[in-house]
Structures are given as structure tokens and as C-alpha cells.
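One structure below.
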Amino acid sequence: MSPAQLRLALDSRRFFQLAHLLSRLPLPARARLRLARLLGRSFSPQRRERTKLLVAFRLGLGLNLAEAQRLFGLWKASDGLFATDIFAYKSMSPEWVRRRVAVDQPDVLARMQREGGLVLTFHTFHQNTLALTLGQCGIPLFPVAATEKNSPFAPYTGPYMRIINGDSEAKFSGGRYLFTDEMRSLVAGVRAAFAAGQTVLALCDNPVPDSAIPPVAIMGRQIGIGTGVMKLAQQAEVPAYFVLFYPDLVGGYRLILEDAGPIEDLECTARAYFHFLERQLAVAPWAWQGWSWYPDLLPVPDHSRADARIVFLLRECIELASHPLLRARDGLRWAVRACWSGGR
617 MSPAQLRLAL
627 DSRRFFQLAH
637 LLSRLPLPAR
647 ARLRLARLLG
657 RSFSPQRRER
667 TKLLVAFRLG
677 LGLNLAEAQR
687 LFGLWKASDG
697 LFATDIFAYK
707 SMSPEWVRRR
717 VAVDQPDVLA
727 RMQREGGLVL
737 TFHTFHQNTL
747 ALTLGQCGIP
757 LFPVAATEKN
767 SPFAPYTGPY
777 MRIINGDSEA
787 KFSGGRYLFT
797 DEMRSLVAGV
807 RAAFAAGQTV
817 LALCDNPVPD
827 SAIPPVAIMG
837 RQIGIGTGVM
847 KLAQQAEVPA
857 YFVLFYPDLV
867 GGYRLILEDA
877 GPIEDLECTA
887 RAYFHFLERQ
897 LAVAPWAWQG
907 WSWYPDLLPV
917 PDHSRADARI
927 VFLLRECIEL
937 ASHPLLRARD
947 GLRWAVRACW
957 SGGR
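Quick note on numbering: my numbering labels position 284 of the sequence shown as 900, and the sequence is numbered without any gaps.
What follows is the structure, encoded as C-alpha cells:
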């Protein structure tokens with residue numbers, strides 16, 4: 617394990633430890649919400665990726681530095697809500713879904729309940745909560761997921777990963793996780809679920825080096841994705857759905873659904889999948905965890921040289937704005953203004 621990985625593992629363990637402590641305090645719901653957001657802003661393991669994420673927000677969304685910094689705070693706050701939510705998974709029920717989750721397309725959810733199919737979702741801090749939510753809507757769910765067994769982080773965060781996986785899986789209405797380290801079992805499980813009219817959930821928004829389709833555009837960059845589960849859905853002729861689940865940051869959650877129909881062409885479906893994501897990020901840019909790898913994606917053709925220069929200048933400006941001397945100067949200015957206004 618590299619020093620950076622060890623630091624991330626230790627940060628993650630402390631983050632979950634603090635979230636567990638917070639979850640046990642007898643607090644009113646509003647106070648718990650505020651403290652969970654504060655936990656994320658202060659202790660999210662992602663805070664060390666500040667420069668990279670600010671570059672991502674500025675490149676992808678065209679934000680200025682102040683706007684990007686505000687979004688970074690919201691993004692970390694979302695992480696804090698997830699970390700505290702996992703300790704409440706056992707109590708999340710159909711009634712919790714009715715009270716806390718706003719469903720934008722109930723008719724699409726109803727079709728999923730009737731016919732099953734493939735849910736194509738995205739990396740968020742709340743993807744396990746999404747799976748739990750669909751399960752508590754009466755949908756037998758089979759999410760495709762990586763296991764923590766062979767992860768170098770397992771000695772540090774293993775107990776919390778088992779809470780996340782175990783307590784959410786118990787809510788899948790008879791479904792279960794299909795882990796990617798057991799490929800034959802995974803393929804058999806996906807095919808069996810489709811044949812039974814049940815629902816498989818997969819995340820296809822992380823980059824893979826050997827994609828079976830050409831790279832797909834996402835906010836001026838391009839990404840190659842895995843299409844194995846989509847191919848199985850195409851063969852089974854089951855419906856597909858684009859789904860995004862995220863917190864509104866004031867105590868509720870949004871479940872955004874789109875009926876993508878049967879998969880006829882993998883490349884067309886992949887393009888529509890990322891177009892759906894772009895539309896949702898215009899409304900709730902804190903919803904996507906993939907901002908972590910967005911700056912590493914290649915720019916669309918013919919923009920690589922200019923893009924490299926832009927990224928360099930953005931990093932330089934962000935790091936300069938974060939210099940301790942500049943922060944001390946800003947603090948001094950604030951103190952002078954406070955004293956001046958107080959003395960008037």
C-alpha cells in the first residue's frame with residue numbers, strides 16, 4: 617500500500633468512526649442533518665482531492681473559483697450524509713421511502729416493479745441507498761458490485777463495508793449483490809434475474825481501458841465504459857432505465873428515472889446514458905462521485921493541447937488562491953472589516 621493509499625484508508629476509517637458516533641447521539645432530525653453535513657465538509661476522505669475536484673467543477677461546469685469551492689462543500693456534505701445513513705439502513709422501510717424520497721417519474725418506477733430489467737445508474741455516495749430504496753419499493757434487486765474482500769482497504773474499513781453491503785442487501789426484496797470477482801456466478805446471476813423478470817442494477821460511468829464501444833462524450837471529455845451487463849440485457853431483450861439518486865441536502869432524497877426502452881445499440885444507449893447524467897448535473901452537480909476521475913479523462917478530439925494548458929492554468933490558480941499567505945491576508949481583511957463595522 618502506498619503512503620497515499622494508507623492516508624486515505626486511515627481517513628476513511630476515522631470518517632466512519634465519527635459517523636457512527638454521530639448516529640448514536642439522541643439528536644433532533646434537523647440537528648443530526650446539520651452535523652452530518654458538517655462531518656462531510658470537515659472529515660470526508662475526499663477533502664484531500666480539493667485541487668483536482670475544483671479543476672473538475674471548473675472544467676465540466678464552467679464555474680468560477682468561488683462557485684467551485686461552494687460546490688466542493690456541497691459534494692463533501694453529501695458524503696457526510698451517506699456515512700451517517702449507513703447506520704440507519706436497518707430502519708429504512710417502505711414508509712421511510714414514502715416520507716423521504718421524491719420520485720420524479722412514478723410511472724417508470726411502476727414499470728420497473730412490473731417488468732424488471734436493467735437499471736443503469738451512476739457512482740454517487742448514495743448508490744447503496746439507491747439499491748435499498750428500490751428494494752423497499754418491492755423490486756427484487758440484484759446490484760452488480762465490487763467486493764471488499766481483496767481490497768487493500770479491508771483491514772481499515774472492512775467492518776463498515778460489511779455494514780453497507782449486509783444491511784442494504786437485507787432490504788433487496790429477495791435480491792442480492794452479484795460480485796464482480798466471481799465472473800461466472802455474476803453472469804449466471806444476471807441472466808437468471810432477467811429470465812425471472814427481476815431487476816439488475818449496474819454502474820457504467822467509470823473509465824475502462826478496453827471498452828467494446830468507441831469512447832462516449834461527457835461534458836467535453838470522452839470515456840470508455842464497460843458494456844458487459846448491457847450486452848446481457850440486450851440479449852435478454854429486457855427494458856433499461858437510467859436512474860440517479862441523490863440527497864437534496866435539506867433532509868430528503870431525489871429518485872430521478874428515465875425509461876430507456878430495450879437496448880438495441882450499445883453505443884446509442886451509452887450516449888443517452890451520459891446525456892441523462894449531464895442533464896441531471898445541471899440541476900444537482902453534487903450528485904455525481906465521478907467528478908473524482910473526470911479531469912483524468914481525455915478531452916474530445918482536437919482539443920488535447922489546449923485542454924492540457926487550461927488544466928495546468930486552473931491548477932496553478934487554485935493552488936495560488938490556497939496559499940497560506942493569501943488566506944492570512946483574507947483573514948486579516950475580514951478582521952479589519954469586522955472591527956470597523958463594530959466601531960461605527
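Using N, Cα and C, we set each Cβ at its ideal position, and we do this for glycine too. None of the values given here were measured: they were computed from a predicted structure.
Any non-hydrogen atom of the ligand ZN within 6 Å of residue i CB
i	result
N680	Here there are no bound small molecules, and the ligand ZN is not part of this structure.
Status (buried if at least 16 other CB within 10 Å, exposed otherwise) for residue i
i	result
P771	exposed
M617	exposed
S709	exposed
G791	buried
R960	Only weak support exists for where R960 lies, its pLDDT of 48 falling under 50; the coordinates are left without a value.
For residue i, three-class secondary structure by DSSP
i	result
T700	helix
G774	helix
G959	Bear in mind that a pLDDT of 49 at G959, under 50, signals an unreliable position, so the number given afterwards is only what the model happens to contain. Helix.
R964	Residue 964 lies beyond the stretch modelled for the chain, which goes from 617 to 960, so this question has no answer here.
R792	coil
I872	strand
V717	strand
P855	strand
P911	helix
T740	coil
V803	helix
L643	coil
T843	coil
F861	strand
V735	strand
G877	strand
F769	coil
P619	helix
L677	helix
T815	strand
V866	coil
Nearest-angstrom Cα separation, counted from residue j out to residue i
i	j	result
L802	F698	27 Å
I879	F892	15 Å
L677	K668	14 Å
G774	F632	11 Å
A704	V735	24 Å
CB contact below 7 Å: residue i versus chain D
i	result
S658	Absence of chain D from the displayed structure is noted, only one protein chain being present.
### Query
Counting Cβ pairs, one atom from each stretch, are 3 or more of them under 8 Å apart for the segment 826 to 844 and the segment 908 to 916?
yes
#### Entry: Inter-stretch contact at 8 Å, needing at least 3 Cβ pairs: the segment 662 to 678 / the segment 709 to 717
no
### Query
Any chance the segment 853 to 873 sits against the segment 732 to 746, with 3 or more Cβ pairs inside 8 Å?
yes
### Query
Using 8 Å as the threshold, is the segment 802 to 820 in touch with the segment 747 to 767, meaning 3 or more CB pairs across them?
Three or more Cβ pairs closer than 8 Å define a contact, and the segment 802 to 820 meets that threshold against the segment 747 to 767.
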